[in-house]
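If you read the protein sequences in the order shown, they are chains G and L. Residue numbers for the first sequence follow the working numbering, so the first one is 5 and each next one is one higher. Residue numbers for the second sequence follow the working numbering, so the first one is 5 and each next one is one higher. Glycine is no exception: its CB is placed at the ideal position from the N, C-alpha and C atoms. Inspection log for the structure reproduced underneath, given as structure tokens.
Protein chains: 2
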Amino acid sequence: MDIKRAEKISKALADANRLTILKEVKKSKDCLYCVDLNETLDLAQPSICHHLKQLIDNEIISSEKEGRNVKYSLNNYVIDDYIKFLEGLKV
Amino acid sequence: MDIKRAEKISKALADANRLTILKEVKKSKDCLYCVDLNETLDLAQPSICHHLKQLIDNEIISSEKEGRNVKYSLNNYVIDDYIKFLEGLKV
DNA sequence: TTTATTTATCGAAATATTTAAATAAATCAA
DNA sequence: TTGATTTATTTAAATATTTCGATAAATAAA
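So, in structure tokens, the structure goes:
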């Protein structure tokens, strides 16, 4: 992983709301719906959408349409690649 | 590690210049001086100083004064703690 | 078909971050 | 002591991010 990609992933992770979303994805066992986040996050719906978009754009999560809902799931391999990059920084 | 701390570390890592600094710290085997970064980064000296400060404030690196130079070294344990947090996000 | 529900987008305001010029502080070297 | 070198701080401008109201789009339910 190059620095530009690591920068983007770090940026996507650099927000408490987005980290909370990822924790909720885990809790839900990859079955998180947007609506569920309204209860967890103290944010307006467009803001939640904006944070989800950042995680999707950076491929940290994937989205799948299910009727009028959208289901989100974590891309473990992206986290693994990022962890490898971080290991590579260690002296 | 709680979300607030992980957010701060992510933020500190969310910049290509700061990631380059960390790569240089590794290259130098924990003997990086501020002056050396002038050649690597295309930034004015106060900007480099500002980035170093963010890494120091978040305890990602430590600084040690040596005459009129300052030597920087990586705090491996912080990276390790952060990696553990990331592992905990995985489903 | 009409209405309600869920998610996405646009636009604008508020806030945060990045950058560098000017300058200060500390130390070394002559 | 004087001048050069290295790092830090202050201040301000430029840029980026976060947030939300309004609204659109898609689908389900009545």
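Between the region 40-53 of chain L and the region 45-55 of chain G there are fewer than three C-beta pairs closer than 8 Å, too few to call the two in contact.
A direct Cα-Cα distance of roughly 18 Å separates K88/G from A16/L.
L41/G has its alpha-carbon roughly 20 Å from the corresponding atom of L90/L.
By the rule that beta-carbons nearer than 8 Å mark a contact, K15/G touches chain L.
By the 16-neighbour rule on beta-carbons within 10 angstroms, V39/G is exposed. For M5/G against D85/G, the beta-carbon gap comes to about 5 Å, under 8 Å, which counts as contact. Interface residue (Cβ-Cβ distance to chain G less than 8 Å): T24/L is classified as such. Contact check between the region 60-67 of chain L and the region 11-28 of chain L: three or more CB pairs, one atom from each, fall below 8 Å, which counts as touching. Close CB contacts of S67/L within its chain, under the 6 Å cut and outside five residues either way in sequence, are with I60, V74 and Y76 (chain order).
The C-beta separation of L23/G from I7/L comes to about 5 Å, placing the pair in contact by the 8 Å criterion. In the DSSP assignment, I13/G falls within the unbroken alpha helix (DSSP H) covering I7 to L17.
DSSP places V95/G outside both helix and strand once states are collapsed to three, so it counts as coil.
Taking all protein chains shown into account, H55/L has 16 or more neighbouring C-beta atoms within 10 Å of its C-beta and is therefore buried.
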